[in-house]
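Novice: These protein sequence lines are chains A and B, in that order. Going by the working numbering, the first sequence runs without a break in its numbering and finishes at 445. Going by the working numbering, the second sequence runs without a break in its numbering and finishes at 445. One structure, as structure tokens, below. Some questions next.
There are 2 protein chains.
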Amino acid sequence: MYDFSADSADCARAVEAGLSQYLTATQLSGPGIPADRLVEAMRHGALEGGKRLRPLLVRQAAAIFSVPKEATLSTGLAVEMIHCYSLIHDDLPAMDNDDMRRGRPTVHKAYDDATAILAGDALLTHAFSMLADEACHADPTVRIRLVTELASGAGAGGMVGGQMRDIEGEKGGFTPDEISTMQAMKTGALIRASVRMGAILGGAEPRALSALTAYAEAAGRAFQLADDILDVTATAETMGKATGKDADKNKQTLVARLGVDGAREALAQIVNEAVGCLRTFGPKADGLRATARYFASREK
Amino acid sequence: MYDFSADSADCARAVEAGLSQYLTATQLSGPGIPADRLVEAMRHGALEGGKRLRPLLVRQAAAIFSVPKEATLSTGLAVEMIHCYSLIHDDLPAMDNDDMRRGRPTVHKAYDDATAILAGDALLTHAFSMLADEACHADPTVRIRLVTELASGAGAGGMVGGQMRDIEGEKGGFTPDEISTMQAMKTGALIRASVRMGAILGGAEPRALSALTAYAEAAGRAFQLADDILDVTATAETMGKATGKDADKNKQTLVARLGVDGAREALAQIVNEAVGCLRTFGPKADGLRATARYFASREK
Numbered sequence: 146m147y148d149f150s151a152d153s154a155d156c157a158r159a160v161e162a163g164l165s166q167y168l169t170a171t172q173l174s175g176p177g178i179p180a181d182r183l184v185e186a187m188r189h190g191a192l193e194g195g196k197r198l199r200p201l202l203v204r205q206a207a208a209i210f211s212v213p214k215e216a217t218l219s220t221g222l223a224v225e226m227i228h229c230y231s232l233i234h235d236d237l238p239a240m241d242n243d244d245m246r247r248g249r250p251t252v253h254k255a256y257d258d259a260t261a262i263l264a265g266d267a268l269l270t271h272a273f274s275m276l277a278d279e280a281c282h283a284d285p286t287v288r289i290r291l292v293t294e295l296a297s298g299a300g301a302g303g304m305v306g307g308q309m310r311d312i313e314g315e316k317g318g319f320t321p322d323e324i325s326t327m328q329a330m331k332t333g334a335l336i337r338a339s340v341r342m343g344a345i346l347g348g349a350e351p352r353a354l355s356a357l358t359a360y361a362e363a364a365g366r367a368f369q370l371a372d373d374i375l376d377v378t379a380t381a382e383t384m385g386k387a388t389g390k391d392a393d394k395n396k397q398t399l400v401a402r403l404g405v406d407g408a409r410e411a412l413a414q415i416v417n418e419a420v421g422c423l424r425t426f427g428p429k430a431d432g433l434r435a436t437a438r439y440f441a442s443r444e445k
Numbered sequence: 146m147y148d149f150s151a152d153s154a155d156c157a158r159a160v161e162a163g164l165s166q167y168l169t170a171t172q173l174s175g176p177g178i179p180a181d182r183l184v185e186a187m188r189h190g191a192l193e194g195g196k197r198l199r200p201l202l203v204r205q206a207a208a209i210f211s212v213p214k215e216a217t218l219s220t221g222l223a224v225e226m227i228h229c230y231s232l233i234h235d236d237l238p239a240m241d242n243d244d245m246r247r248g249r250p251t252v253h254k255a256y257d258d259a260t261a262i263l264a265g266d267a268l269l270t271h272a273f274s275m276l277a278d279e280a281c282h283a284d285p286t287v288r289i290r291l292v293t294e295l296a297s298g299a300g301a302g303g304m305v306g307g308q309m310r311d312i313e314g315e316k317g318g319f320t321p322d323e324i325s326t327m328q329a330m331k332t333g334a335l336i337r338a339s340v341r342m343g344a345i346l347g348g349a350e351p352r353a354l355s356a357l358t359a360y361a362e363a364a365g366r367a368f369q370l371a372d373d374i375l376d377v378t379a380t381a382e383t384m385g386k387a388t389g390k391d392a393d394k395n396k397q398t399l400v401a402r403l404g405v406d407g408a409r410e411a412l413a414q415i416v417n418e419a420v421g422c423l424r425t426f427g428p429k430a431d432g433l434r435a436t437a438r439y440f441a442s443r444e445k
């Protein structure tokens with residue numbers, strides 16, 4: 146019987162420990178030694194953070210192919226470093242201009258804008274160092290596929306491109322299809338990459354990879370829709386960050402079109418769709434099933 | 146007889162064409178299609194740019210091992226995308242606050258700060274896509290080594306870390322050794338990575354790689370010192386960007402300590418040191434020799 150709370154807590158602990166060990170001057174050194182300030186800002190932006198859902202997805206997708214959880218950690222750390230860099234950059238005054246994140250000052254408030262830009266750049270860069278290291282996987286062909294997958298999810302046709310579309314959407318006038326595309330890129334692409342990277346670690350055949358990709362795309366939509374609903378319904382205290390900002394800034398979300406109740410119905414339907422993609426995998430996919438359901442039930 | 150002008154012009158043309166072909170919505174697509182604005186900003190920051198010296202170094206180092214120049218292009222494009230992203234982010238108001246670059250408005254002036262941050266992030270990300278693609282090199286082990294090398298040169302112990310140290314140095318009080326370390330990281334690390342990546346493409350043995358690394362480190366110091374001298378002596382018109390800014394902002398350079406004439410003597414000595422590292426390679430290293438000498442003679 147899969148225990149979501151236990152597995153996700155275990156994964157979050159492993160990610161926290163892994164990042165804390167990796168984000169040090171010794172580990173990050175190259176031709177030179179990083180400035181203390183840069184390492185501290187990277188740690189501020191990456192540690193004590195969130196639910197670590199993306200590394201959990203890597204672990205859960207790999208579990209279908211009986212990959213031990215320890216063997217998924219480097220890949221999970223890499224995708225989490227990408228997620229954390231994106232938050233640091235998104236919080237900048239030039240972007241969302243957020244002062245608080247997870248109940249603490251954002252990196253640019255704790256340090257300054259220049260340091261936050263550089264800390265984000267460094268996390269992004271070292272995500273790829275992490276995947277390229279042989280500790281990630283013994284087979285260089287697998288490691289290269291992971292690099293391709295992560296860059297594709299994080300890049301112009303994925304997360305960064307979605308962020309650009311989101312900023313353009315603030316000016317108004319997006320159609321429902323354009324909203325979906327933007328969200329699929331901004332949030333969905335990295336969730337998709339996480340699941341696919343887990344499958345790649347497990348040596349998934351094309352057919353299994355394709356089913357897991359369909360799962361991930363539905364799960365990503367569920368995650369984003371839940372986030373949009375929470376943005377409308379949650380209080381700032383519960384979320385540890387400013388809420389209601391999407392409405393303030395005229396961001397285009399499905400909740401604005403469907404209303405909260407309509408959005409909750411759509412969410413339940415998308416979760417069913419996600420779980421339906423896993424039917425051939427049996428109990429080893431219970432982790433992914435639980436995560437899709439968690440997306441619909443989470444309160445922050 | 147090696148012809149520096151012809152080879153560097155040929156390399157610059159190939160890089161321009163390669164980047165122009167790669168930086169399109171079709172090539173950059175992932176799970177989604179990039180926004181036009183993002184692709185345009187990436188092109189603004191990467192095309193019609195500079196001397197393309199880093200791809201030239203890749204090509205010249207690989208030439209020692211008889212690698213055809215066409216087989217070095219993807220690697221050259223990757224390192225150039227890293228260089229271009231770093232310029233876009235460095236030019237931001239939160240960093241150096243430059244309005245002009247290569248005689249044109251910087252990306253954040255032509256677009257806005259948010260777009261410039263995202264365009265830089267996307268170029269950084271896709272540099273790794275470029276290396277991971279099998280068009281870069283047939284052997285995945287080589288491609289993985291290139292990823293490791295580029296991330297190490299661009300990361301916290303390299304370029305980004307050097308930029309952080311440079312900002313800290315503006316507050317004053319750096320020792321001469323600290324200036325050298327900062328410069329070796331900020332500018333030297335990517336030059337070092339370029340030469341080493343060329344050597345890796347050529348299958349260099351450890352001993353050859355080590356000699357080429359020593360060359361690259363000296364060449365990097367020459368490049369930086371030449372840049373510092375130019376910053377003092379050149380006019381804004383020749384450089385196509387604001388000059389004298391280093392003195393304005395109390396940046397720490399060797400020129401401030403040695404004076405222009407003393408710095409020119411030191412530069413000649415470093416170039417000799419760089420060329421001395423190549424003595425075992427014969428005429429196939431004439432490209433790298435010419436580039437080291439070019440660093441000392443360039444006027445912009």
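The beta carbon of each residue, even a glycine, is placed where N, CA and C say it ideally should be.
#1: Examine the Cβ distances between the stretch 175-184 of chain B and the stretch 254-267 of chain B and report whether three or more of them are shorter than 8 angstroms.
#2: Could you work out which residues of chain A lie near residue 179 of chain B, taking near to mean beta carbons separated by less than 7 angstroms?
#3: Strictly below 7 angstroms CB to CB, what residues from chain A border residue 270 of chain B?
#4: Between which two residues does the alpha helix (DSSP H) holding residue 273 of chain B run?
#5: Please report how far the alpha carbon of residue 164 of chain A lies from the alpha carbon of residue 212 of chain A, in whole angstroms.
#6: Could you tell me whether the Cβ of residue 422 of chain B comes closer than 9 angstroms to any Cβ of chain A?
#7: Considering only the beta carbon of each residue, do residue 217 of chain B and residue 200 of chain B sit closer than 9 angstroms?
#8: Using a Cβ cut-off of 8 angstroms, pull out every chain B residue sitting near residue 193 of chain A, in sequence order please.
#9: Quick check on DSSP: helix, strand or coil for residue 245 of chain A?
#10: Please report whether the beta-carbon of residue 219 of chain B lies at a distance below 9 angstroms from any beta-carbon of chain A.
#11: Measure the CB-CB distance between residue 473 of chain B and residue 377 of chain B and report whether it falls below 9 angstroms.
#12: Can you check whether the C-beta of residue 342 of chain A is within less than 9 angstroms of a C-beta belonging to chain B?
#13: Please work out which residues of its chain come closer than 6 angstroms, Cβ to Cβ, to residue 311 of chain A, disregarding the five sequence neighbours upstream and downstream, and give them in chain order.
#14: When DSSP labels each residue in this structure, what does residue 179 of chain A get in the three-state scheme?
#15: Just verifying my parser: in three-state terms, what is the DSSP assignment at residue 321 of chain B?
#16: Rounded to whole angstroms, what's the CA-CA distance from residue 282 of chain B to residue 335 of chain B? Just pull it up for me.
#17: DSSP on residue 428 of chain B, reduced to helix/strand/coil?
#18: Taking only beta-carbon positions, decide if residue 234 of chain B is within less than 9 angstroms of chain A.
#19: Do residue 300 of chain B and residue 232 of chain B have their beta-carbon atoms positioned less than 9 angstroms apart in this structure?
#20: Check whether the Cβ atoms of residue 245 of chain A and residue 295 of chain A sit closer than 9 angstroms, and answer yes or no.
#21: Does any C-beta atom of chain A lie closer than 9 angstroms to the C-beta of residue 203 of chain B?
#22: Start and end of the alpha helix (DSSP H) containing residue 217 of chain B?
#23: Look at residue 251 of chain B and residue 309 of chain A and say whether their C-beta atoms are less than 9 angstroms apart.
#24: Would you mind sorting residue 148 of chain A into buried or exposed? The rule is 16 or more other CB atoms within 10 Å of its CB.
#25: Tell me residue 250 of chain A's beta-bridge partners as DSSP assigns them.
#26: Across the stretch 347-359 of chain A and the stretch 422-430 of chain A, are there enough close Cβ pairs to call them in contact, namely three or more that are closer than 8 angstroms?
#27: Using DSSP with H/G/I as helix, E/B as strand and the rest coil, what is residue 196 of chain A?
#28: Smallest Cα separation from residue 345 of chain A: which of A:194, A:157, A:206?
#29: Please report the distance separating the alpha-carbon of residue 224 of chain B from that of residue 235 of chain A.
#30: Should residue 279 of chain A go down as buried or exposed, given a rule of 16 or more other Cβ atoms within 10 Å for buried?
#31: Using a Cβ-Cβ cutoff of less than 7 angstroms, which residues in the same chain neighbour residue 430 of chain A once the five nearest sequence positions on both sides are dropped?
#32: Taking only three categories from DSSP, how would you classify residue 354 of chain B?
#33: Under 9 angstroms, do residue 361 of chain B and residue 412 of chain B count as touching if we go by C-beta distance?
#34: Look at residue 157 of chain B and residue 214 of chain B and say whether their C-beta atoms are less than 9 angstroms apart.
#35: Can you check whether the CB of residue 247 of chain A is closer than 9 angstroms to the CB of residue 289 of chain B?
#36: Can you list, in chain order, the residues of its chain whose CB lies under 6 angstroms from that of residue 262 of chain B, leaving out five sequence neighbours each side?
Specialist: In terms of the structure at hand:
#1: yes
#2: 301, 302, 306
#3: 269, 296, 299, 300, 305
#4: 258-277
#5: 21 angstroms
#6: no
#7: yes
#8: Simply none; closest approach about 20 angstroms.
#9: strand
#10: no
#11: It is not possible to answer for residue 473 of chain B, since the shown part of chain B is limited to 146 through 445.
#12: no
#13: 327, 331
#14: coil
#15: helix
#16: 20 angstroms
#17: helix
#18: yes
#19: no
#20: no
#21: no
#22: Note, residue 217 of chain B: premise wrong, no alpha helix (DSSP H); not H, not E.
#23: no
#24: exposed
#25: A:245
#26: yes
#27: coil
#28: A:206
#29: 25 angstroms
#30: exposed
#31: 209, 423
#32: helix
#33: no
#34: no
#35: no
#36: none
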